[in-house]
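Step one of this worksheet: look at the structure below.
Protein chains in written order, with our numbering: chain X, 1 to 309; chain R, 310 to 622; chain C, 623 to 1080.
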């Protein structure tokens, strides 16, 4: 096998090992009087792990369980398991908030944002990290400064820009705003990942006959996959759950995203928590699924990527 | 010779002189400009407009604004709550960064020794990241609730009633409670990062050192940590940056900035001033001041990071 | 293979972009017979459908179509309105909650006095008060009218032999009995939310001012009266007594609305002071004990002073001043139409209104305590003071209240801090309470209906 083929494979193999099977230290394990200490450490470790898992999984379950309770039960039995598996709140939430339509809009907006953000940040991250051109430092700093500006603060001027572009009340307008807000952090991420990829990798690929573009796509970009996966999870969740900018830029019920639809369960004088929780469970499920699907990528890539300085 | 490697060639290897520089410039700028356009149009241009508004008195509703020059900035300097809020913002950002990374480091070290369940653990502890802040806020507000909250119930059950505080009502405690929720949300993310770093360090190093007689802690401190430095830097930077931006939603839902502004952060106060006080000019002035302070710190950080990476090559 | 994929991708992209940029043609409103209605979306769809039904009837009778938009939360109406104005979107009628004063000051909402003059008696007068500024009407109440009451566990009171208290001394006694017998805190309040503290001050100040609280507040805001006056200070001192005498404890500051309900439902507290919608929320949770209400206790000895509390309508119907001129007459007609007995009944029915703000709508509330509330509480209901004073003063009042109740601040210092807040506001932002005195004819012109307008009263 040629160098270009073995290099990525070697990295992949290591990554696969790290994610699927528990790794064993490559040397010999120390034995003897250390063993009992080892047992204690292991017990403590598992105990702590168990606690952390409960702390992080229970909230998700709690939210789902809340959807199964009715009003009275919700207040009397806040933390416990619901008495019955009553799906009526979920069905009602779906129709009352017209979640089906809003799902579609949210998916369009999230996919659209990622479709713009990932290429733009990859290109910029690569250029700033790998291509030595004049002014790249300044460009990088300018983009990073964008992170310091939280969008709630520039809401009204952004609104005016969208109006001037005649994109008010369109999903495209919302996508553009989300993309712009995701770019600074995204460029930072991609820059970090590209930085840690040694130049020799690309050159080695060339030596074996890959075209320059082929080298970029088949060797460099895959190694930056963790950066892409990270962006997917972080930006994806942010956009999926975002309410404020959406409420400012979307003024038509048929274009509303999921967070805008959840408002129907709140009111000035009281929130219907069981119904809201049922709706939130439906809304959160795709994110959990997306995360579970992407986490392998994300974790395997991290092992190979950001690690090396 | 590939395009990109040619573009990366140090200047001294120029054979065609200016053409190469121009090639690099074209490629570099072409790939960077989309990002710059977006950031310019939707972040910096609005920021500049915001600055223009900050020189006026405007309620956000009226058709006209009244010019007041720098009066809003003077008012901001006189606004005790704003500086309090700024302090809280920094306390929040620095506090959660330290907590997240120390906790994540400890957990990663422990995990590294675990044989089973590591994958499941990683997946589980990461879940809070995908949950919406609405649920997280409600959940934790109720966990901290004095009457039926899980936390106080737990403390009573194990006989540690003396530790019960006004988690969200005591001005001295409230901000720490909110910070702990942010730590809960993000620690799993940092564990993944640091664990990956730990696992790429071959165990032979540990063994060689212990043969030489070094204690476990010494090994960790003098050998493992330095090797982890790039990972830790990345992790710290990510948490610092995220903390500045992510505190708004959490504070808003959990405490709304109370009690008596004890958990007020810069963002909640700015939004409050815009939409409740209807003082858009002053709020924009606040944003600008915040932006400058954070930008200076941020730029310094970036300099440190790029310089370090530059010399490491 | 590559080419086909690329082509599909291109077509797909174009299709997606087309879908994304699709939008309804903007209503330019040149036609006098398309109106636009804007309200918040945080209401059940049954309520939204009721509006659409009434608008359909309007179209049948007058041939004018009404486009409805339900979006955002009740407190976002000012943003939605501004967004509509900046974008050139047509808005005729909209629902305002607490923002009427700000909108009127900014010239965004029409003066409805002339419009509703022929049918003004349809509206409950006490419900009109919050929307009446400078002797003009800026919105009409189109919903249930709320009041405030102390909601209590009637079964527990009966069990312990306590009658419903009418004076503060009786309340303290009741509290002591409960605390001793049950070991619980007698009263609970959603102290975590700053929005619900001022109503306590409204209740005490209404009494210490001899039922002149609204008048005194307006004088304070115009600068004719200091907040650091005896009546205000007494009102704050009376609040401190609630914590000093063991009725409310520190856990209140940690408790949000749900916490308050939960504590009450689990019988860990026997009473709470809240707006009447809370009563409906509690009953929806099916408590296993009997519930009662009593008025805020008397804290002054004078029998002529009434135990007034804050209250007001939930929804106010208003007309945007930037609606196209040609549509303004039709907008007024729509208000008249919506306030007709049969139509108003249709609008209010899904909300199970406690006290309808349209007098012709019969009380249909399923709330068992509705008659008592209507008879005893509504007459003692005055407008919310926090709808009158500006937000930063509200902030100061809230802080003053919690400071005297929980942090040992003296009422004099607390009152002074509120006065300081107003002074600072005036110095820093040129705040004027009576903005209407600074308006010229042109400004009034913008918010007035055409003088020759003819409205059909059905």
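Every residue, glycine too, gets a C-beta built ideally from N, C-alpha and C. All values derive from a computational prediction rather than experimental measurement.
Neighbour-count burial assignment, residue 473 of chain R, 16 or more Cβ in a 10 Å radius
Under a 10 Å Cβ-count criterion, residue 473 of chain R is classified as exposed, with fewer than 16 other Cβ atoms of the shown protein chains found around its own Cβ.
Return the residue from the list R/584, R/579 and R/613 that minimises the CA-CA distance to residue 392 of chain R.
Across the set R/584, R/579 and R/613, the C-alpha of R/579 shows the shortest separation from the C-alpha of residue 392 of chain R.
Do the segment 423-440 of chain R and the segment 229-239 of chain X meet, that is, are 3 or more Cβ pairs less than 8 Å apart?
Yes, the segment 423-440 of chain R is in contact with the segment 229-239 of chain X.
Have a look at residue 999 of chain C and residue 378 of chain R and give me their C-alpha separation to the nearest angstrom.
Their backbone Cα atoms lie some 50 Å apart in a straight line.
Using a Cβ cut-off of 9 Å, which residues of the segment 447-474 of chain R contact any Cβ in chain C, in chain order?
Considering only beta carbons, the part of the segment 447-474 of chain R lying closer than 9 Å to chain C consists of 447, 450, 451, 453, 454, 455, 456, 457 and 458, in chain order.
Does the distance from the CB of residue 556 of chain R to the CB of residue 435 of chain R come in under 8 Å?
No, they are not a contact pair.
Using a Cβ-Cβ cutoff of 8 Å, what residues of the segment 564-585 of chain R are near chain C? List them in chain order.
Within the segment 564-585 of chain R, 564, 565, 567, 568, 569, 584 and 585 place their CB atoms closer than 8 Å to a CB of chain C, listed in sequence order.
Buried or exposed by the 16-neighbour rule on C-beta atoms within 10 Å, applied to residue 481 of chain R
It counts as exposed.
Any C-beta of chain X sitting closer than 8 Å to the C-beta of residue 625 of chain R?
For residue 625 of chain R there is no data in the structure shown, the boundaries of chain R being 310 and 622.
CA-to-CA distance, residue 161 of chain X to residue 651 of chain C, given in whole angstroms:
Confidence is the limiting factor: at residue 651 of chain C the pLDDT is only 41, short of 50, which leaves the residue's position unreliable and the question unanswerable from this model.
Using only CA atoms, which one of R/576, R/431 and R/347 lies nearest to residue 181 of chain X?
Of R/576, R/431 and R/347, the smallest CA-CA separation from residue 181 of chain X is found for R/347.
Which residue's Cα is closest to the Cα of residue 409 of chain R: R/444, R/488 and R/468?
Distances from the alpha-carbon of residue 409 of chain R to those of R/444, R/488 and R/468 put R/488 closest.
For the pair the segment 1011-1019 of chain C and the segment 971-981 of chain C, tell me if three or more CB-CB distances fall below 8 Å.
The segment 1011-1019 of chain C, when compared against the segment 971-981 of chain C, does not touch it at the 8 Å Cβ threshold.
Do the segment 737-757 of chain C and the segment 717-729 of chain C make contact, defined as three or more Cβ pairs closer than 8 Å?
Of all C-beta pairs linking the segment 737-757 of chain C to the segment 717-729 of chain C, three or more are shorter than 8 Å, placing the two stretches in contact.
Compare the C-alpha of residue 453 of chain R against each of R/388, R/479 and R/542 and name the closest.
Considering only alpha carbons, the answer is R/479.
My output table needs one value for residue 564 of chain C: the three-state DSSP class, helix, strand or coil.
Nothing about residue 564 of chain C can be reported from this structure: the residues present for chain C run from 623 to 1080 only.
Could you tell me the boundaries of the alpha helix (DSSP H) in which residue 329 of chain R lies?
Secondary structure note for residue 329 of chain R: its alpha helix (DSSP H) is the uninterrupted segment 327-348.
Could you tell me if residue 765 of chain C is buried or exposed, where buried requires 16 or more neighbouring beta carbons within 10 angstroms of its beta carbon?
Residue 765 of chain C is buried by the Cβ-count criterion.
I'd like to know whether the C-beta of residue 101 of chain X is nearer than 8 Å to at least one C-beta of chain C.
Residue contact with chain C for residue 101 of chain X: absent (no Cβ-Cβ distance below 8 Å to any residue of chain C).
Check each candidate in R/496, R/484 and R/533 and name the one with the smallest Cα separation from residue 670 of chain R.
A question about residue 670 of chain R goes unanswered here, because the residues of chain R that appear run from 310 up to 622.
Beta-carbon proximity list for residue 1028 of chain C, same chain, < 8 Å, skipping 5 on both sides:
Within the same chain, residue 1028 of chain C has close Cβ partners 865, 872 and 875.
Interface residues of chain X around residue 944 of chain C at Cβ under 7 Å?
Result: empty, since nearest Cβ-Cβ is about 15 Å, beyond 7 Å.
Please report the distance separating the alpha-carbon of residue 818 of chain C from that of residue 826 of chain C.
Residue 818 of chain C and residue 826 of chain C have their alpha carbons spaced roughly 14 Å apart.
Going by DSSP, name the residue or residues bridged to residue 758 of chain C.
Partner(s): C/755.
For residue 695 of chain C, which of C/662, C/908, C/769 and C/680 has the nearest alpha-carbon?
That would be C/662, whose Cα lies nearest to the Cα of residue 695 of chain C.
Is the CB of residue 195 of chain X under 8 Å away from at least one CB in chain C?
Answer no: the Cβ-Cβ gap between residue 195 of chain X and chain C never drops below 8 Å.
Put residue 235 of chain X into one of helix, strand or coil per three-state DSSP.
Residue state, collapsed to three classes: helix.
Rounded Cβ spacing between residue 617 of chain C and residue 915 of chain C (contact assumed at less than 8 Å)
Past the boundaries of the shown model lies residue 617 of chain C; chain C is included only from 623 to 1080, so the question cannot be answered.
The beta strand (DSSP E) with residue 808 of chain C in it runs from where to where?
Taken as a continuous stretch (DSSP letters only), the beta strand (DSSP E) holding residue 808 of chain C covers 807-810.
Distance CB(residue 179 of chain X)-CB(residue 113 of chain X) smaller than 8 Å:
Contact flag set, yes.
One or two residues paired with residue 942 of chain C in a DSSP bridge:
Per the DSSP secondary-structure output, residue 942 of chain C pairs in a beta bridge with C/731.
Please go through the same chain and pick out, in chain order, the residues whose beta-carbon is closer than 6 Å to the beta-carbon of residue 1041 of chain C, but skip the five residues on each side of it.
So the list reads 848, 849 and 850, once near-sequence residues are dropped.
Give a yes or no on contact between the segment 167-177 of chain X and the segment 243-252 of chain X, applying the rule of three or more CB pairs nearer than 8 Å.
The segment 167-177 of chain X vs the segment 243-252 of chain X: in contact.
Under 8 Å Cβ to Cβ from residue 1038 of chain C, same chain only, skipping five residues before and after it: list those, please.
Taking residue 1038 of chain C as the centre and dropping the five residues before and after it, the same chain places the C-beta of 849 and 850 closer than 8 Å to its C-beta, in chain order.
Integer Cβ distance of residue 968 of chain C from residue 749 of chain C, believed to fall under 8 Å
The pair is not a contact, with the Cβ atoms about 19 Å apart (cut-off 8 Å).
Taking Cβ-Cβ distances shorter than 9 Å, what residues in chain X pair up with residue 938 of chain C?
Listed along chain X is no residue with a C-beta nearer than 9 Å to that of residue 938 of chain C; the closest approach is about 13 Å.
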